[in-house]
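Chemist:
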Amino acid sequence: MAKNLTTRAEDYSKWYNELVIKADLAENSGVRGCMVIKPYGYAIWERMQAELDRMFKETGHQNAYFPLFIPKSYFSKEASHVDGFAKECAVVTHYRLKNAEDGSGIIVDPDAKLEEELIVRPTSETIIWDTYRKWIQSYRDLPLLINQWANVVRWEMRTRLFLRTAEFLWQEGHTAHATKEEAIAEAEQMMNVYAEFAENYMAIPVIKGTKTESERFAGALETYCIEALMQDGKALQAGTSHFLGQNFAKAFDVKFAAKDGSLDYVWATSWGVSTRLMGALVMTHSDDNGLVLPPNLAPDQVVIVPIYRKDEEFEAVNEVALDLMKKMRAKGIRVKYDNRDTHKPGWKFNEYELKGVPVRIAIGPKDVEKGTVELARRDTLQKEFIDKEKVVGRVISLMNEIQETLFQKAVSYRSEHTTEVASYEEFKSVLNGKGGFVLAHWDGTSETEERIKNETKATIRCIPLEGDNASGICIFTGKPSERKVLFAKAY
């Protein structure tokens with residue numbers, strides 16, 4: 214199969230869009246702003262889900278499911294929350310269709326108007342906190358640690374597959390605690406869980422930090438985040454965790470009886486990641502030949518391609534291939550054996566290179582005679598011939614090696630594209646030149662943040678939790694600054 218991919222240097226945005234479609238990850242649907250996630254793309258998402266779900270359960274969380282529809286009145290209970298989502302809400306006003314009397318087709322039945330309009334879930338804080346009021350009475354009911362895997366709708370007019378669509382898949386955690394300290398510890402813990410997942414499974418290095426007041430989640434007192442850097446020098450927010458204080462508990466009257474008998478409102482968090490991570494995975498590692506997947510998340514870690522011309526050659530090759538597949542699977546390696554006779558080996562090589570399978574094994578009649586196989590790495594495109602008895606051991610070591618190589622390559626890129634600046638002119642020069650993360654002093658005001666954003670399109674991605682926290686002078690106003698913050702243009 215011919216790839217004909219636009220190169221990253223030519224047009225990074227076009228390269229991304231083409232790759233998502235050609236690698237069979239997703240495509241645009243008949244519904245404006247919504248995507249179809251294809252089986253291969255969904256298989257990667259399932260790998261992400263499985264690892265995250267395990268990590269959530271290991272930290273004491275349970276899964277539940279809440280309604281897709283939220284009564285409009287629920288949103289008005291938390292003012293800053295509704296302000297944050299009002300412009301993105303899809304609203305259900307009627308519950309029935311009927312045939313038009315003039316035979317022109319199906320129409321909405323005007324007599325079927327809902328008494329109260331329903332909002333299609335943009336996030337679930339309101340419906341969940343209404344439910345928690347019934348679940349929480351005493352300190353014995355706390356902490357309440359719940360996660361939901363779901364779809365959400367946030368109306369978007371300018372969409373991009375995985376990065377920004379009107380409907381997307383995600384998980385959202387919602388927890389209730391007896392004390393402020395417990396809730397803050399939970400929000401920080403989940404930020405760390407996301408960072409561990411991004412680095413150890415996605416092979417994406419991230420910077421942990423907090424959002425500025427203007428960038429916080431609607432209704433949160435603090436938003437913790439992880440920020441990643443893509444190959445075009447733009448940042449991508451890869452996960453957020455919010456300390457919500459008692460805002461939602463007060464809005465929905467969720468109180469508990471403490472050990473001393475006093476009544477108090479509970480403390481809350483919420484946290485989530487979405488299919489946006491698929492976009493991050495594609496953009497961090499892939500190249501002009503197609504996807505490059507880290508072994509820890511690849512649906513198929515190894516693909517075996519038989520090469521033969523005659524039936525008797527296939528029989529000999531097939532025997533070796535099946536034996537290797539059995540041995541690798543016994544070691545927990547995800548192996549695909551592509552013995553289709555409808556496509557030539559060259560076509561298959563191209564396809565699996567495009568789809569980012571970490572290791573490809575080719576076996577032909579001469580390999581059978583010599584007792585060897587050809588082994589090719591997707592990340593470096595290097596090939597080697599190896600004794601078939603050593604293949605399983607070599608593949609196991611390659612899984613770790615490729616995972617680490619991808620991570621270190623991304624770390625190096627980020628290091629090369631992280632710049633500390635001392636003046637606004639230098640700041641603009643870096644942004645318009647090599648791009649990437651820019652560390653600079655900021656005076657802490659929303660006004661300065663907004664002016665910099667309007668003039669340069671760069672936003673404060675986070676106030677880093679680690680690194681240099683020395684005070685200085687704001688690059689824009691010359692006023693005192695408590696510490697440097699992380700700026701970038703972003704998705």
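First residue of the sequence shown? That's 214 in my numbering, and the numbers climb one at a time after it.
Using N, Cα and C, we set each Cβ at its ideal position, and we do this for glycine too.
#1: Would you call Gln-350 buried or exposed, if buried means 16 or more other Cβ atoms sit within 10 Å of its Cβ?
#2: Need the endpoints of the beta strand (DSSP E) that Glu-633 sits in, please.
#3: Output the distance between the C-alpha atoms of Gln-450 and Leu-476, rounded to the nearest integer angstrom.
#4: By DSSP's criteria, Tyr-437 is part of a beta bridge. Which residues make up the other side?
#5: By the three-class DSSP mapping on this structure, what secondary structure does Tyr-414 have?
#6: Rounded to the nearest angstrom, how far is the Cβ of His-556 from that of Ser-483, given a contact under 8 Å?
#7: Once DSSP output is grouped into helix, strand and coil, what is the label at Trp-655?
#8: List the endpoints of the continuous beta strand (DSSP E) containing Asn-360.
#9: Under three-state DSSP, which class holds Glu-314?
#10: Inspect the beta-carbon positions of His-321 and Phe-282 and report whether they are closer than 9 Å.
#11: Measure the beta-carbon distance from Ser-636 to Ile-688 and round it to whole angstroms, keeping in mind my assumption that it falls under 8 Å.
#12: Take Asp-501 as the anchor and find which of Lys-326, Thr-593, Ala-543, Gly-422 has the nearest alpha-carbon.
#13: If you scan the segment 556-638 from start to end, which runs of the beta strand (DSSP E) of 3 or more residues do you find wholly inside it?
#14: Along the chain, where does the alpha helix (DSSP H) that runs through Arg-674 open and close?
#15: Counting only runs of 3+ residues fully inside the segment 281-350, write out the beta strand (DSSP E) ranges in chain order.
#16: Run through DSSP, which three-state label would Arg-373 get?
#17: Assess, as a yes-or-no matter, whether the segment 370-385 is touched by the segment 486-506 under the definition of 3 or more beta carbon pairs within less than 8 Å.
#18: Across the segment 602-611 and the segment 402-415, are there enough close Cβ pairs to call them in contact, namely three or more that are closer than 8 Å?
#19: I need the DSSP call for Ile-520, collapsed to helix, strand or coil.
#20: Nearest by alpha-carbon distance to Phe-430: which of Met-268, Asp-296, Ala-363 is it?
#21: With a cut-off of 8 Å, do at least 3 Cβ pairs link the segment 674-681 to the segment 418-428?
#22: Near Ile-615, what residues of its chain come up, given a Cβ to Cβ distance below 6 Å and the 5 sequence neighbours on each side ignored?
#23: Judging by CA-CA distance, which residue of Ile-576, Ala-683, Glu-428 is the nearest neighbour of Ser-293?
#24: So the candidates are Asp-656, Val-467, Leu-619, Asp-551; which of them puts its Cα closest to the Cα of Arg-346?
#25: Using a Cβ-Cβ cutoff of less than 6 Å, which residues in the same chain neighbour Phe-620 once the five nearest sequence positions on both sides are dropped?
#26: For Gln-384, count the other beta carbons within 10 Å of its own beta carbon; 16 or more makes it buried, fewer makes it exposed. Which is it?
Modeler: By the coordinates alone:
#1: Within the sequence shown, the letter at position 137 stands for residue 350. By the 10 Å Cβ count, Gln-350 comes out exposed.
#2: Taking the first residue of the sequence shown as position 1, residue 633 is located at position 420. 631-633 is the extent of the beta strand (DSSP E) around Glu-633.
#3: Against the sequence shown, residue 450 aligns to sequence position 237. Against the sequence shown, residue 476 aligns to sequence position 263. In a straight line, the C-alpha of Gln-450 is about 38 Å away from that of Leu-476.
#4: Walking along the sequence shown from the start, residue 437 turns up at place 224. Thr-423, Ser-454, per the DSSP bridge assignment.
#5: The residue given as residue 414 occupies position 201 in the sequence shown. Here Tyr-414 sits in coil by DSSP.
#6: Reading the sequence shown from its first residue, position 343 is the one you call residue 556. Reading the sequence shown from its first residue, position 270 is the one you call residue 483. Not really, about 47 Å apart at Cβ, beyond 8 Å.
#7: As a position in the sequence shown, residue 655 is number 442, starting the count at 1. Of the three classes helix, strand and coil, the one that applies to Trp-655 here is coil, per DSSP.
#8: Position 147 of the sequence shown, counted from the first residue, corresponds to residue 360. First-last of the beta strand (DSSP E) with Asn-360: 357-366.
#9: The count along the sequence shown starts at 1 and reaches residue 314 at position 101. Three-state DSSP puts Glu-314 in coil, outside helix and strand.
#10: Within the sequence shown, residue 321 is the residue found at index 108, counting from 1. Within the sequence shown, residue 282 is the residue found at index 69, counting from 1. One detail in the question is off: residue 321 reads as Val in this sequence, not His. Going by C-beta atoms, Val-321 is not nearer than 9 Å to Phe-282.
#11: Reading the sequence shown from its first residue, position 423 is the one you call residue 636. Reading the sequence shown from its first residue, position 475 is the one you call residue 688. Between Ile-688 and Ser-636 the Cβ distance is about 6 Å, and since that is below 8 Å, they are a contact.
#12: By 1-based counting over the sequence shown, the position of residue 501 is 288. Nearest C-alpha to Asp-501: Thr-593.
#13: 572-576, 585-590, 596-600, 631-633
#14: To locate residue 674, count along the sequence shown from 1; it is residue 461. Here Arg-674 belongs to no alpha helix (DSSP H); instead the beta strand (DSSP E) covers 672-677.
#15: Here the runs fully enclosed are 282-284, 303-307, 310-312, 319-321, 326-333.
#16: Numbered from 1 along the sequence shown, position 160 holds the residue referred to as residue 373. Of the three classes helix, strand and coil, the one that applies to Arg-373 here is strand, per DSSP.
#17: yes
#18: no
#19: By 1-based counting over the sequence shown, the position of residue 520 is 307. Here Ile-520 sits in coil by DSSP.
#20: One-based indexing of the sequence shown puts residue 430 at position 217. Nearest of Met-268, Asp-296, Ala-363 to Phe-430, Cα basis: Asp-296.
#21: Touching, yes, given that three or more Cβ pairs across the two stretches are closer than 8 Å.
#22: Within the sequence shown, numbered from 1, the residue matching residue 615 stands at position 402. Hits under 6 Å: Pro-508, Pro-571, Asp-592.
#23: Sequence index remark: in the sequence shown, residue 293 carries index 80 (1-based). Among Ile-576, Ala-683, Glu-428, the Cα nearest to that of Ser-293 is on Glu-428.
#24: By 1-based counting over the sequence shown, the position of residue 346 is 133. Measuring from the Cα of Arg-346, the nearest candidate turns out to be Val-467.
#25: Taking the sequence shown and counting its residues from 1, the one referred to as residue 620 is at position 407. Here the set comprises Ala-416.
#26: Working through the sequence shown from its first residue, we reach residue 384 at position 171. It is buried - the Cβ of Gln-384 has at least 16 other Cβ atoms within 10 Å.
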